[in-house]
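There are 2 protein chains.
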Amino acid sequence: MNVRDLCLGYLSLREATGYEIKKDFEEGMFCHFMEASYGSIYPALSQLALEGMVTVREEEQSGKPDKKVYAITDAGVAMLKRSLNVLPARDKYKSEFLFMMLLQNHLPVHQRIIAMEKQMADLKADLMSIAECKQQGMTDPASEFVMGYGEAVLTAGVTFLKDNLAALHANTAKQAAE
Amino acid sequence: MNVRDLCLGYLSLREATGYEIKKDFEEGMFCHFMEASYGSIYPALSQLALEGMVTVREEEQSGKPDKKVYAITDAGVAMLKRSLNVLPARDKYKSEFLFMMLLQNHLPVHQRIIAMEKQMADLKADLMSIAECKQQGMTDPASEFVMGYGEAVLTAGVTFLKDNLAALHANTAKQAAE
DNA sequence: ACCGATATATATCGAACTGGAATATATTGG
DNA sequence: CCAATATATTCCAGTTCGATATATATCGGT
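Those protein sequence lines, which keep their order, are chains Z and X.
If you're matching positions, the first sequence starts at 1469 in my numbering and goes up one per residue.
If you're matching positions, the second sequence starts at 1469 in my numbering and goes up one per residue.
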């Protein structure tokens, strides 16, 4: 699964520009489980166009730079199906936050609390993105499954952090009183 | 946060060889939130040694290839603390599984079920790793926090999948009966 | 007894990807 | 009226991945 497959998969749902794909990986539906940089998306789209997996339609826009709208072809759908025909690779989760927590002995307590609050804010921001997608009427079973999974996992993280922060605050308050 | 910092952080907990660091990122404590390849770990350790951030001790072993045990220096600890002095970057989560679920229209139902069962098995394997760490007596607050967070999030994923698989099976059974 | 698989241990390298800078313009907010 | 933000693409240096190579021990199966 490389960026090519990612773009192909996205374009099988709707036509889009490279910019829109990237934006949806940051915000929209995909924000909590997919990422790719412009430096990989644009070359992938160009190559897919050369191979006939997608078509390009250049749209002139007054003022703004021209945009290239990509759309998947039948050959592209066939290639996508072949890519999906293997079991998905194991999830990859990288968390500098958890790494920092594991090394908390090297840190003052207040910085640990700030990191935990940042983590909680990040998780909540992702939950907000999902809530927005729901409001904007993404009610097909596929989207609902993905959003439901995201909500379940993100909410569990928020709950864990909230409980731990509460315990930490209670502790520091107790120590201050002594 | 690059592989250098990762190695430095690991070595601040215990001395180790490159092989052991990689193994712990795959299994041990770190399995569910950190990854790095040999191709990045070994060069990072060599460079850190050149810079005096770690020391190397070559241990001959009868039969097995010599191993190079790395240990952090005071300069290394100081550098690590500087690295930890910035807020951690946002978590990165990549899931081919969720991508596949979003494109489930391109897939037959049985393959979707297989993917879901694989995902559940993967999550359970991570939970097992954490349970093993606990049994082997990692009871310091830092480890407990990280393991607790992992358990909370992984369990939420398992529960969501279990419920959805049950609903899916009930549905297909109903359709078969009609 | 022997073979294959797995585990220990390190090194190397091309391909892939990231993250940031560069470019150009319109709109929005203070 | 200026700064910031948004649209839209391109390029590149540096980082990392994933696979391969090398060498040996051990364990299980036949």
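Even glycine gets a Cβ: it sits at the ideal position worked out from N, Cα and C.
Practice problem: Just tell me which of X:M1584, X:A1543, X:V1471, X:K1536 has its CA closest to the CA of L1633 (chain X). | Solution: In the second sequence, residue 1633 (chain X) corresponds to position 165, counting from 1. Closest by C-alpha distance to L1633 (chain X), out of X:M1584, X:A1543, X:V1471, X:K1536, is X:M1584.
Quiz prompt | First through last residue of the beta strand (DSSP E) which encompasses A1539 (chain Z) | solution = Here the question's residue 1539 (chain Z) lines up with position 71 in the first sequence. Per DSSP, A1539 (chain Z) belongs to the beta strand (DSSP E) from 1535-1540.
Exercise. Could you tell me if H1637 (chain Z) is buried or exposed, where buried requires 16 or more neighbouring beta carbons within 10 angstroms of its beta carbon?
Key: Mapped onto the first sequence, residue 1637 (chain Z) falls at position 169. Under this definition H1637 (chain Z) is an exposed residue.
Exercise. Output, in chain order, the set of chain X residues within a Cβ distance shorter than 8 Å of P1556 (chain Z).
Key: Locating residue 1556 (chain Z) in the first sequence gives position 88, where the first residue counts as 1. The contacting residues are S1563, E1564, F1565, F1567, M1568, A1583, K1586, Q1587.
Quiz item: How would you label H1578 (chain X), buried or exposed, when you count the other beta carbons within 10 angstroms and need 16 or more for buried?
Solution: Locating residue 1578 (chain X) in the second sequence gives position 110, where the first residue counts as 1. H1578 (chain X) is exposed by the Cβ-count criterion.
Quiz item: Does the beta-carbon of Q1643 (chain Z) have 16 or more other beta-carbons within 10 angstroms, so that it is buried, or is it exposed?
Solution: Locating residue 1643 (chain Z) in the first sequence gives position 175, where the first residue counts as 1. That one is exposed.
Quiz item: How many angstroms separate the CA atom of M1502 (chain Z) from the CA atom of D1492 (chain X)?
Solution: Position 34 of the first sequence holds residue 1502 (chain Z). Position 24 of the second sequence holds residue 1492 (chain X). Approximately 25 Å between the Cα atoms of the pair.
Quiz item: Thinking C-beta only, is I1509 (chain X) closer than 9 Å to I1489 (chain X)?
Solution: Looking up residue 1489 (chain X) in the second sequence gives position 21. Looking up residue 1509 (chain X) in the second sequence gives position 41. It is a contact, given that the beta carbons lie within the stated cut-off.
Quiz prompt | At least 3 beta-carbon pairs within less than 8 Å: the region 1597-1608 of chain Z vs the region 1592-1601 of chain X | solution = Under the 8 Å Cβ criterion, the region 1597-1608 of chain Z does not count as touching the region 1592-1601 of chain X, having fewer than three qualifying pairs.
Practice problem: Determine whether the Cβ of A1610 (chain X) lies closer than 9 Å to any Cβ atom of chain Z. | Solution: Against the second sequence, residue 1610 (chain X) aligns to sequence position 142. A1610 (chain X) counts as touching chain Z.
Quiz item: Considering R1525 (chain X), what are the terminal residues of the beta strand (DSSP E) in which it resides?
Solution: Here residue 1525 (chain X) corresponds to residue number 57 of the second sequence, with the count starting at 1. For R1525 (chain X), the enclosing beta strand (DSSP E) begins and ends at 1522-1527.
Quiz item: Along chain X, which residues have their Cβ under 7 Å away from the Cβ of K1560 (chain Z)?
Solution: The residue you call residue 1560 (chain Z) lines up with position 92 of the first sequence. From the beta-carbon of K1560 (chain Z), the residues of chain X found nearer than 7 Å are E1503, K1562.
Quiz item: If we count the other Cβ atoms within 10 Å of its Cβ and call it buried at 16 or more, is R1472 (chain Z) buried or exposed?
Solution: Position 4 of the first sequence holds residue 1472 (chain Z). Label assigned to R1472 (chain Z): buried.
Practice problem: Ignoring anything shorter than 4 residues or poking outside the region 1589-1645 of chain Z, list the alpha helix (DSSP H) runs there in chain order. | Solution: Entirely contained in the region 1589-1645 of chain Z, the alpha helix (DSSP H) runs reaching 4 residues are, in chain order, 1609-1645.
Quiz item: CB-CB under 7 Å to V1545 (chain Z), same chain, minus the five flanking residues each way: which ones, in chain order?
Solution: Residue mapping note: residue 1545 (chain Z) aligns to position 77 of the first sequence, counting from 1. These residues qualify, in order along the chain: S1480.
Quiz prompt | Between the CA atoms of F1567 (chain Z) and K1549 (chain X) - distance to the nearest angstrom | solution = Working through the second sequence from its first residue, we reach residue 1549 (chain X) at position 81. Working through the first sequence from its first residue, we reach residue 1567 (chain Z) at position 99. Looking at the two C-alpha atoms, the distance is approximately 13 Å.
Practice problem: Please check if any C-beta of chain Z sits within less than 9 Å of the C-beta of Q1572 (chain X). | Solution: Reading the second sequence from its first residue, position 104 is the one you call residue 1572 (chain X). With 9 Å as the cut-off, Q1572 (chain X) counts as an interface residue toward chain Z.
Exercise. Mark Q1485 (chain X) as exposed unless 16 or more other C-beta atoms lie within 10 angstroms of its C-beta, in which case mark it buried.
Key: On the second sequence, residue 1485 (chain X) is found 17 positions in, with the first residue counted as 1. One detail in the question is off: residue 1485 (chain X) reads as Thr in this sequence, not Gln. Looking at its Cβ environment, which holds 16 or more other Cβ atoms inside 10 Å, T1485 (chain X) is buried.
Exercise. Work out the CA separation of T1640 (chain Z) and M1469 (chain Z) for me, nearest whole Å.
Key: Residue numbering aside, residue 1469 (chain Z) sits at position 1 when the first sequence is read from its first letter. Residue numbering aside, residue 1640 (chain Z) sits at position 172 when the first sequence is read from its first letter. As the crow flies, the alpha-carbon of M1469 (chain Z) is around 47 Å from that of T1640 (chain Z).
Quiz item: Straight-line CA distance for T1607 (chain X) to G1496 (chain X)?
Solution: Residue mapping note: residue 1607 (chain X) aligns to position 139 of the second sequence, counting from 1. Residue mapping note: residue 1496 (chain X) aligns to position 28 of the second sequence, counting from 1. Taking the straight line from one Cα to the other gives about 14 Å.
Quiz item: Got a sec: is the Cβ-Cβ distance from D1590 (chain Z) to anything in chain X below 9 Å?
Solution: What you label residue 1590 (chain Z) is simply residue 122 of the first sequence in a count that begins at 1. D1590 (chain Z) counts as touching chain X.
Quiz item: Which whole-angstrom value is the C-beta distance of E1564 (chain X) and A1557 (chain Z), which I expect to be below 8 Å?
Solution: Position 96 of the second sequence, counted from the first residue, corresponds to residue 1564 (chain X). Position 89 of the first sequence, counted from the first residue, corresponds to residue 1557 (chain Z). Correct: roughly 5 Å between the Cβ atoms.
Practice problem: Please report the residue range of the alpha helix (DSSP H) in which L1476 (chain Z) lies. | Solution: Working through the first sequence from its first residue, we reach residue 1476 (chain Z) at position 8. It spans 1471-1479 - the alpha helix (DSSP H) in which L1476 (chain Z) sits, taken as one unbroken run.
Self-check item: Selected residue, minimal CA-CA separation from K1586 (chain X), among Z:V1537, Z:D1559, Z:G1625
Solution: The residue you call residue 1586 (chain X) lines up with position 118 of the second sequence. If you compare the alpha carbons of Z:V1537, Z:D1559, Z:G1625 with that of K1586 (chain X), the shortest gap goes to Z:D1559.
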